[in-house]
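J.: Every letter in the sequence shown is one number past the one before it in the numbering used here, and letter 63, counting from 1, is 361. For each residue, glycine too, the CB sits at the ideal point set by N, CA and C. This is the structure, below, for whatever I ask next.
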Amino acid sequence: MKNLYKIFGEHPQRAFKYIEKGLSKEQILEKTGLSLGVKDASLAIEEGEIFVIMGLSGSGKSTMVRLLNRLIEPTRGQVLIDGVDIARNIRC
């Protein structure tokens with residue numbers, strides 16, 4: 299995954315101007331009513347690797363896994379498998 303964001307709420311693109319200014323997720327929620335679930339996450343997992351996602355409660359671990367398995371769609375960024383963005387190029 300590359301530069302992945304998930305923002306919950308209506309019109310999530312509104313949050314990016316505050317993210318770029320460096321506001322915290324609490325400040326963004328207060329100003330916009332939008333909840334920042336994942337912010338600019340990138341990682342590469344190679345075939346055969348075991349990968350652990352750890353963090354505090356509310357830090358976005360479950361949201362990240364839901365983005366990876368496409369239970370939810372990213373607001374911005376890419377989920378790549380062998381160079382193909384699966385969030386944009388899935389065949390039904």
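Rounded to the nearest angstrom, what separates Glu308 and Leu334 at their Cα positions?
T.: 12 Å
J.: Could you tell me the distance, in whole angstroms, from the CA atom of Arg374 to the CA atom of Gly356?
T.: Those two C-alpha atoms are separated by around 20 Å.
J.: Just curious, the alpha helix (DSSP H) that Ile317 is in, first and last residue?
T.: First-last of the alpha helix (DSSP H) with Ile317: Phe314 to Glu318.
J.: Determine, using beta carbons only, whether Lys304 and Val350 come nearer to each other than 7 Å.
T.: no
J.: Which whole-angstrom value describes the C-beta separation of Ser299 and Val377, a residue pair presumed to lie in contact below a C-beta threshold of 8 Å?
T.: Checking the displayed sequence, the identity of residue 299 turns out to be Met instead of Ser. Rounded, the Cβ-Cβ distance is 5 Å, consistent with contact.
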